[in-house]
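Each remark here refers to the structure printed beneath this line.
Numbering (this note's numbering), first residue to last: 20 to 362.
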């Protein structure tokens, strides 16, 4: 295998604020893997709170003995091998997994979604995310969301109701809410949840601290809206303790080490009777198309990365009526690759 990578700073269209921080860009490691003359692309989106960096990603790639990875790929063995090299670092492991899935699809001449048994006709709408901000900036951001049928709203500070009222002054589309662990008082939280229910909110991610399992379970028992684990679930091994504490989970490939384990998490959630939102970090078309290949297996999607950024090195995904349109191209279906921005 031939491996090349490039650090890349993905610039956001607007400053992005959640309950606990604000950022204007996200560091990525873009990866290109060539196997038997076939090239696969992957990416690691290393949002600061996950603890990965250009240095850690490059160091991890240097640990990998690429001769151990041969087609046909056994992704369970590959992820176990990557985990044996270092704990954590799910984003760079996801980059490897995504690139190998791209190669596998091209070698088999099949789109990734077909390999994972996903039906493009069952693609859910994807949401457009609005970070915490002033009413004036939120109104400006909403102008960028006109092609979307669902808005996802970041909450978790002291102006939650003001944000929702601002959005409702401009649109009546359904809303997803992500509190990012921002609610500390369960009584206030359940009151807010009922108010949000009346405002047309469809789901809520991570209402309370990820370590407060009892508090989140208390809310889940009483909530009229599905409550989803986000920060509380990263990988397949995290799921057993969540059964009964949430109505569902948010699967993100940058946390699940890529497509293979993300798919396993979707299957396990189904076996638990839980619902699934498939989401993204700040990502290019590469990682979001990888997630979109699994999206028809999920209840909801939040894969807006390419529309929230300014310097995507790939052509934006095909998008119509609020949904990704999956192509018949083998692998991820990436198109319009800017060679000057890639390794």
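The C-beta atom is built at its ideal place from N, Cα and C for all residues, glycine as well.
Handout entry: Buried versus exposed call for residue 124 [16 or more other C-beta atoms within 10 Å across all chains shown]
Key = buried
Problem - Whole-number beta carbon distance between residue 113 and residue 272, since they are thought to touch under 8 angstroms - result: 5 angstroms
Practice task
Keeping to the same chain, check which residues put their C-beta closer than 8 angstroms to that of residue 181; ignore five residues upstream and five downstream.
Solution key: 154
Practice task
At 3 residues or longer, and completely inside the region 285–347: list those beta strand (DSSP E) runs for me, N to C.
Solution key: 294–298, 319–321
Handout entry: Under 8 angstroms between C-beta atoms of residue 357 and residue 332
Key = yes
Problem - Pairwise C-alpha distance: residue 85 and residue 267 - result: 36 angstroms
Practice task
Give the DSSP bridge partners of residue 266, in chain order.
Solution key: Residue 266 is not bridged to any residue.
Exercise for the section: Give the DSSP bridge partners of residue 350, in chain order. Expected result: 130
Exercise for the section: Would you please state the rounded distance, in angstroms, between the beta carbons of residue 238 and residue 246? I believe it to be under 8 angstroms. Expected result: 6 angstroms
Practice task
Excluding the 5 residues preceding and the 5 following residue 313 in the sequence, name in chain order all residues of the same chain whose CB lies nearer than 7 angstroms to its CB.
Solution key: 135, 137, 278, 281, 282, 285, 297
Handout entry: Test item: CB-CB of residue 69 and residue 76 under 8 angstroms
Key = no
Exercise for the section: Report the three-state DSSP secondary structure of residue 26 (helix, strand or coil). Expected result: strand
Practice task
State the start and end residues of the unbroken alpha helix (DSSP H) segment that holds residue 73.
Solution key: 73–82
Exercise for the section: Please work out which residues of its chain come closer than 6 angstroms, Cβ to Cβ, to residue 161, disregarding the five sequence neighbours upstream and downstream, and give them in chain order. Expected result: 189
Handout entry: Cβ of residue 155 within 8 angstroms of any chain D Cβ
Key = The structure shown contains no chain D; it holds only a single protein chain.
Exercise for the section: Compute the beta-carbon to beta-carbon distance between residue 310 and residue 322, rounded to the nearest angstrom, for a pair I have assumed lies under 8 angstroms. Expected result: 5 angstroms
Exercise for the section: Pick out whichever of 55, 269, 158, 289 has its Cα sitting closest to the Cα of residue 299. Expected result: 269
Problem - Nearest neighbour of residue 255, chosen from 144, 121, 234, 291 [CA to CA] - result: 291
Problem - residue 205 versus residue 234 - alpha carbon distance - result: 7 angstroms
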